[in-house]
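Data first, discussion second: the structure below is written as structure tokens.
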Amino acid sequence: MGSRLHAMVVRARLLIAATAVLGGVWLLGGGWRFDRSLAWWSFTVSVLMPFVVAIGLLALGWWAMRRSAFSAAFDVRDGAFVAPPAALQVAALTSGALALLTSAAGSTLRDLTEGNSDDVVFAIVTLVVLVPVVVLVALMVLASFRDRARIELRPDGVGLFERLGTHVVPWEAIAVGPYPHVRPGWAVNRIGLARSDLVRRRGAARLRPKARDVSLPQMVATHPAFIAAAINHYLFYPQYRTAIGTPQEYERLCRALTSPEAS
0 MGSRLHAMVV
10 RARLLIAATA
20 VLGGVWLLGG
30 GWRFDRSLAW
40 WSFTVSVLMP
50 FVVAIGLLAL
60 GWWAMRRSAF
70 SAAFDVRDGA
80 FVAPPAALQV
90 AALTSGALAL
100 LTSAAGSTLR
110 DLTEGNSDDV
120 VFAIVTLVVL
130 VPVVVLVALM
140 VLASFRDRAR
150 IELRPDGVGL
160 FERLGTHVVP
170 WEAIAVGPYP
180 HVRPGWAVNR
190 IGLARSDLVR
200 RRGAARLRPK
210 ARDVSLPQMV
220 ATHPAFIAAA
230 INHYLFYPQY
240 RTAIGTPQEY
250 ERLCRALTSP
260 EAS
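Residue 0 is where the sequence shown starts when you use numbering that gives the first Met the number 0, and the numbers rise one by one after that.
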């Protein structure tokens, strides 16, 4: 995927950064003069505009999830075969969440500065509710700049890097398949676990310490069937695992997965 993927990632991160900057501009613009005569201005700039943009971005993200073409390919880098993030999906959904948060913050700011006592009480309650939302959106933005979500096939196992958590699954922990199971409709894969105690978990993944299966991240650019086929291949042919992450092994894997015997 190479340079084309890099360009998409750069554009995706620029979209997220631009939305964050616009969010600040919207809030500052709406709050420049808070008085009754300019109530329409503060509402339009700090609430309505970011809300409309948020709906558009979230719709774009949903469309990208349903319509984007997946590639039957991995990136070969850092000693692994990597299924990189679907840049457009990640950027659109993250930017949409940012814009929606801006709209909610703008509405709360208006209630605090323009509303009556009941509005102020409601705004304070809203601020308390918004605190965990702000943390969640901040984590989403951080994950987007940390190359998540992605899947890595390595000699020692499979790394599942979700936006809020990580599973590192040794090959020995995966139940004999074929796995993952591909659900119809949505592109969701699941890997069954024979030894969940061997799985290393970080972040939100720790919430299910004894789960008997793990879901593969959805928002990746590689086709889920290709990922499933590659994982199955190394489950049944463990002698090739030590070479994972090398260009020579990637060429051999592609030949093996596209040969008549594989189909």
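A virtual CB, placed ideally from N, CA and C, is assigned to each residue, including glycine. Since we're looking at a predicted model, the values are computed, not measured.
{"Query": "Please classify Tyr-233: is it buried, with 16 or more other beta-carbons within 10 angstroms of its beta-carbon, or exposed?", "Result": "buried"}
{"Query": "How far does the alpha helix (DSSP H) with His-232 in it reach, from first residue to last?", "Result": "223-235"}
{"Query": "Quick check on Pro-49: buried or exposed, where buried means 16 or more other Cβ atoms within 10 Å of its Cβ?", "Result": "buried"}
{"Query": "To the nearest angstrom, how far is the alpha carbon of Glu-151 from that of Ala-82?", "Result": "6 Å"}
{"Query": "According to the neighbour-count rule (16 or more other Cβ atoms, all chains shown, within 10 Å of its Cβ), is Val-167 buried or exposed?", "Result": "buried"}
{"Query": "Which complete alpha helix (DSSP H) runs does the region 77-151 hold, if anything under 4 residues is left out?", "Result": "86-113 and 116-144"}
{"Query": "Measure the alpha-carbon distance for Leu-14 versus Ala-96 and round it to whole angstroms.", "Result": "12 Å"}
{"Query": "Using only CA atoms, which one of Arg-194, Ala-71 and Phe-225 lies nearest to Asp-212?", "Result": "Arg-194"}
{"Query": "When you compare only the Cα positions, how much space is there between Met-7 and Leu-192?", "Result": "34 Å"}
{"Query": "Name the DSSP beta bridge partners of Phe-160, please?", "Result": "Arg-149 and Thr-165"}
{"Query": "Using 10 angstroms around the beta-carbon of Asp-249, count the other beta-carbons present and answer buried if the total reaches 16, otherwise exposed.", "Result": "Residue identity check: residue 249 is Tyr in the sequence provided, not Asp. With 16 or more other Cβ atoms within 10 Å, it is buried."}
{"Query": "Looking at the secondary structure, which residues open and close the beta strand (DSSP E) in which Arg-200 lies?", "Result": "199-202"}
{"Query": "By DSSP, does Leu-192 sit in helix, in strand, or in coil?", "Result": "strand"}
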